[in-house]
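Engineer:
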Amino acid sequence: AARYTRWLHAQEAQGWSFEAAEVRVDPRAVGSDGLVLHGRIDRVDVRAGTGVVRLIDYKTNLRKSLEDKVRSPLEDTQLAAYAALQRARQPDAPGIEACYVALDDTDAVSAVAHPHVEGSARVLAREVAAERARIDAGAALPALGEGAVCETCEARGLCRRDHWSDGNEGVPGAA
553 AARYTRWLHA QEAQGWSFEA AEVRVDPRAV GSDGLVLHGR IDRVDVRAGT GVVRLIDYKT
613 NLRKSLEDKV RSPLEDTQLA AYAALQRARQ PDAPGIEACY VALDDTDAVS AVAHPHVEGS
673 ARVLAREVAA ERARIDAGAA LPALGEGAVC ETCEARGLCR RDHWSDGNEG VPGAA
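Under the numbering used here, the first residue of the sequence shown carries the number 553, and numbering increases by one thereafter.
Written out as structure tokens, the structure reads:
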């Protein structure tokens, strides 16, 4: 609690203030393609004087693992989905930032920002809508598992990955 309080006071000194917690965003269109998402955002802060919103997701991971997670911004979909929801919730917000807050580091509580989260949110909404359109048109779902993970997965034999023929060379059990 003391580490979190120090972090919180530092954030307040930078102009951030609490706006809401456990923000439920009911199904809402997040893009021009009619994609509808819903979710719950852990915490929303606002920066004084700017109106910029910061979305926070608390994690019990170590800072290093969260830094690895956001290193490829388009691979981290959680904060991008939150940003898409927030933009749909408040379309006139001057800016959206997002970060994970690592609670379990022994040194200090720290934030790990998702770089360019608004751009990632736009790409996520566009690509999920495009994928949904493909599925609605009858396209088969691609197998998304990665080879190394597939080797130890408890769903072996049940997953479509084991029966997928495109690009599965070298995956044990793949046809």
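Beta carbons: idealized from backbone N, C-alpha and C, even for Gly.
Check whether the segment 666-673 and the segment 619-639 are in contact - that is, three or more C-beta pairs closer than 8 Å.
Structural biologist: These segments touch.
Engineer: Mark Ala-682 as exposed unless 16 or more other C-beta atoms lie within 10 angstroms of its C-beta, in which case mark it buried.
Structural biologist: It is exposed - the Cβ of Ala-682 has fewer than 16 other Cβ atoms within 10 Å.
Engineer: Just reading off the beta strand (DSSP E) that Val-577 is part of, what are its end residues?
Structural biologist: Per DSSP, Val-577 belongs to the beta strand (DSSP E) from 568-581.
Engineer: Alpha carbons only, please: which of Ser-584, Val-701, Leu-655 and Ala-600 is nearest the one belonging to His-566?
Structural biologist: The question names His, yet the displayed sequence has Gln at residue 566. Among Ser-584, Val-701, Leu-655 and Ala-600, the Cα nearest to that of Gln-566 is on Ala-600.
Engineer: Which residue wins for smallest C-alpha separation from Asp-609, given the options Ser-662, Pro-643 and Cys-711?
Structural biologist: Of the candidates Ser-662, Pro-643 and Cys-711, the one whose C-alpha sits nearest the C-alpha of Asp-609 is Ser-662.
Engineer: Along the chain, where does the alpha helix (DSSP H) that runs through Leu-710 open and close?
Structural biologist: That residue, Leu-710, is in no alpha helix (DSSP H); it is neither H nor E in DSSP.
Engineer: State the Cα-Cα distance for the pair Arg-686 and Ala-692, rounded to the nearest angstrom.
Structural biologist: Roughly 8 Å separates the two Cα atoms.
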